[in-house]
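Residue numbers (the working numbering): 7 to 110.
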């Protein structure tokens with residue numbers, strides 16, 4: 007059984023890489039769901055429906071964060087780079103460039 011998240015033959019991939027691919031796919035799906043809710047809420051007129059959508063979006067955001075944390079625990083260099091960007095102040099691009107240099 008083939009899946010779109012694999013770009014190499016799945017049977018040739020280790021279990022660790024297959025799990026990693028699943029988590030990347032889950033991260034992408036959660037990001038898409040967050041965006042879909044954002045779009046729906048922007049046009050929804052009914053306050054109750056909008057509140058339900060906002061609550062559902064919060065769940066998707068939590069899932070996004072958990073997926074990201076799982077991936078960052080597997081990729082130390084990613085964590086190091088993102089620590090220089092996330093939850094910081096100042097120019098985002100400059101912070102990103104500085105963080106990238108730390109990892110290179």
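Beta carbons: idealized from backbone N, C-alpha and C, even for Gly.
- Assignment of residue 43 by DSSP, reduced to helix, strand and coil, places it in the helix class.
- Annotation note: the stretch 62-106 contains the following uninterrupted alpha helix (DSSP H) runs of length 4 or greater, listed N- to C-terminal: 82-89.
- For the set 68, 78, 43 and 21, the Cα lying nearest the Cα of residue 57 is the one of 43.
- With respect to residue 70, residue 29 sits apart: the two C-beta atoms are not nearer than 8 Å.
- Between the C-alpha atoms of residue 106 and residue 72 there is a straight-line separation of about 23 Å.
- Straight-line spacing of the CA atoms in residue 79 and residue 25 works out to 13 Å.
- Within its own chain, the residues whose Cβ lies closer than 8 Å to the Cβ of residue 33, once the five positions on either side in sequence are excluded, are 70, 73, 74 and 77, listed in chain order.
- Counting of Cβ neighbours within 10 angstroms places residue 18 among the exposed residues, the total staying below 16.
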